[in-house]
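There are 2 protein chains.
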Amino acid sequence: MKDVITLYIADDHQIVVDGLKLLIGNDDCIRIVGYAYDGATARADIIERRPDLALIDRRMPGLDGIALLHTLRKLVPETRFVMLSMDTEQHYIRDAQSAGASGYLQKNVGKEELRKCLKTVAGGGQYFPDLRSAKPEAAVTMFTPRELEILKLVLEEQTSFAIAEKLSLSRFTVETHRKNIGRKTETNTLIGLINFLREHKIEL
Amino acid sequence: MKDVITLYIADDHQIVVDGLKLLIGNDDCIRIVGYAYDGATARADIIERRPDLALIDRRMPGLDGIALLHTLRKLVPETRFVMLSMDTEQHYIRDAQSAGASGYLQKNVGKEELRKCLKTVAGGGQYFPDLRSAKPEAAVTMFTPRELEILKLVLEEQTSFAIAEKLSLSRFTVETHRKNIGRKTETNTLIGLINFLREHKIEL
DNA sequence: GCTCCTATACCTAACGCTAGGTATTTGAAG
DNA sequence: CTTCAAATACCTAGCGTTAGGTATAGGAGC
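From first to last, the protein sequence lines stand for chains G and S.
Going by the working numbering, the residue at position 1 of the first sequence is 1; the numbering climbs one at a time, nothing skipped.
Count along the second sequence from 1, then add 204; that gives the number in the working numbering.
Put into structure tokens, the structure is as follows:
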């Protein structure tokens, strides 16, 4: 990852552009190199300036986000795209994925999530909302199958001992897995773990 | 509030009626004066016996809860109604309100919440689930201000000791409040508490 | 005035979770 | 074949929560 990420924003609502500028404003790892209120302007600008990242509204007058992605992904392969939308309908997210987006954000995104998304995508990763049926990868890539199994039971109010019995394991084994889960999530309490799952929208 | 509240129950599932009878059984402030498994029987019984309260299922064969309310509210103005339902869809709750119900309960309601609801309604109050946009009262009616304060800090991953320090209390006091919270929510683990809040859509 | 609820404080014992280890086996990736 | 991740099992010590009490004081409501 370069040390300053260049970012372009395209959204037909000025308030959204302004909001994003504000949210990103004080992060000196990210520099906004331009913005547009319509697809055609965005298209020309992005081809010219070749930003690392482009945040593109799904719906825009004239040339909409999906169409824009289709045309741009071949012209500017070094730019990675994050689709912006008002909502997280499954098929919207799939459309964005198949159009070549590397991420998907709701417009009411918070500062932390926005930063996380942009840095993940700039770093070569993908950032899509967890949708169970679409991309339940956040949890799956992060935890081993056994850890997921145990995590589910933990969330069902089962003690380590009860989990051990149910899975025919030793209590110690279950506790080892829980330790590893805690290490991965950087949490050291149950509440912390649950907050982590909530913040990362991980559902099991 | 009279010292004994008379209560009528109408629900087409016997198991629900039995469950409610059990939950209420050992409360000598409330006396169950009848029950029915269908709307028509309930209608006749309530007109005849004029209970203080009637718990009415939203969905019943023949004459359903909403229709029943519409006809009864004028015939028996002294009776106050609480609508029962499997879920807390907003529009269901609004329907109940506009049909003249004074309260709304999910069928998986706990003992404490049930008692609270019945007494609130019998006392002239209203009792509707927390819906942000409708009536964010569930948490407020269910917990004391101090309990709410402590609950928030618990959810922020604070230990009883840390909470005690922050509020200039004794650790024992905080633990007493937590015990009371557990009693009201019928949970005995942190995870259980969190699941309760999630299921009841209580946000703090 | 009396009762109930709330908030406060304390205690003990038991239970469960977390942190720090060690160690073996198995299967996949290199 | 070697290396590494994952799963397994064990141990101790310490921390935090839960369950069972008791008890006092203030305020609201009847």
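The beta-carbon is built from N, C-alpha and C at its ideal position, and this holds for glycine as well.
Where residue i falls, given that 16 or more other Cβ within 10 Å makes a residue buried
{"i": "G123 of chain G", "result": "exposed"}
{"i": "S374 of chain S", "result": "exposed"}
{"i": "A96 of chain G", "result": "buried"}
{"i": "L22 of chain G", "result": "exposed"}
{"i": "G269 of chain S", "result": "buried"}
{"i": "A248 of chain S", "result": "exposed"}
Own chain partners of residue i with C-beta closer than 7 Å, once the 5 adjacent residues on each side are dropped
{"i": "S160 of chain G", "result": "R171, V174, E175 and R178"}
{"i": "A319 of chain S", "result": "In the sequence on display, residue 319 of chain S carries Arg and not Ala. So the list reads D231, once near-sequence residues are dropped."}
{"i": "I46 of chain G", "result": "Y8, A54, L72, V76 and T79"}
{"i": "M142 of chain G", "result": "K184"}
{"i": "Q14 of chain G", "result": "Y37"}
Distance, residue j Cα to residue i Cα
{"i": "G19 of chain G", "j": "L118 of chain G", "result": "15 Å"}
{"i": "T389 of chain S", "j": "P145 of chain G", "result": "32 Å"}
{"i": "Y104 of chain G", "j": "V121 of chain G", "result": "10 Å"}
{"i": "R262 of chain S", "j": "P255 of chain S", "result": "19 Å"}
{"i": "L267 of chain S", "j": "D242 of chain S", "result": "7 Å"}
{"i": "L69 of chain G", "j": "E112 of chain G", "result": "25 Å"}
{"i": "A162 of chain G", "j": "E203 of chain G", "result": "22 Å"}
{"i": "L153 of chain G", "j": "L397 of chain S", "result": "15 Å"}
{"i": "E361 of chain S", "j": "E351 of chain S", "result": "16 Å"}
{"i": "L359 of chain S", "j": "I395 of chain S", "result": "11 Å"}
{"i": "M290 of chain S", "j": "M264 of chain S", "result": "12 Å"}
{"i": "A40 of chain G", "j": "R198 of chain G", "result": "38 Å"}
{"i": "N180 of chain G", "j": "T189 of chain G", "result": "13 Å"}
{"i": "G182 of chain G", "j": "L151 of chain G", "result": "10 Å"}
{"i": "S168 of chain G", "j": "E149 of chain G", "result": "13 Å"}
{"i": "D12 of chain G", "j": "G110 of chain G", "result": "20 Å"}
{"i": "H404 of chain S", "j": "H200 of chain G", "result": "21 Å"}
{"i": "K74 of chain G", "j": "A368 of chain S", "result": "60 Å"}
Residues that residue i bridges to, as DSSP identifies them
{"i": "Y241 of chain S", "result": "In the DSSP output, where bridge partners are listed per residue, Y241 of chain S has none listed."}
{"i": "A54 of chain G", "result": "G:Y8 and G:F81"}
{"i": "I236 of chain S", "result": "S:L211"}
{"i": "L309 of chain S", "result": "S:L288"}
{"i": "Y331 of chain S", "result": "S:G307"}
Cβ shell of residue i (< 6 Å), same chain only, five flanking positions each side left out
{"i": "F196 of chain G", "result": "T185 and T187"}
{"i": "Q126 of chain G", "result": "S102"}
{"i": "A246 of chain S", "result": "A214 and A240"}
{"i": "E137 of chain G", "result": "Annotation note: pLDDT 45 at E137 of chain G (below 50); position unreliable, coordinate value reported separately. Nothing meets the Cβ criterion."}
{"i": "I228 of chain S", "result": "I234"}
{"i": "A99 of chain G", "result": "I66, L69 and H70"}
{"i": "V4 of chain G", "result": "R31"}
Contacts around residue i, its chain only, beta-carbon distance under 8 Å, and the 5 residues preceding and following it disregarded
{"i": "R49 of chain G", "result": "T6, Y8, V33 and G34"}
{"i": "V16 of chain G", "result": "D57, L84 and K107"}
{"i": "K370 of chain S", "result": "L357 and Q362"}
{"i": "V286 of chain S", "result": "L257, A258, L259, I260, A305, S306, G307, Y308, L309, C321, L322, V325 and Y331"}
Item to complete: Output, in sequence order along the chain, the residues in the stretch 154-178 of chain G whose CB is closer than 9 Å to any CB in chain S.
Response: V154, L155, E156, E157, Q158 and T159
Discussion item. Using a Cβ-Cβ cutoff of 7 Å, what residues of the stretch 183-202 of chain G are near chain S? List them in chain order.
Written reply: T189, L190, I191, G192, I194 and N195
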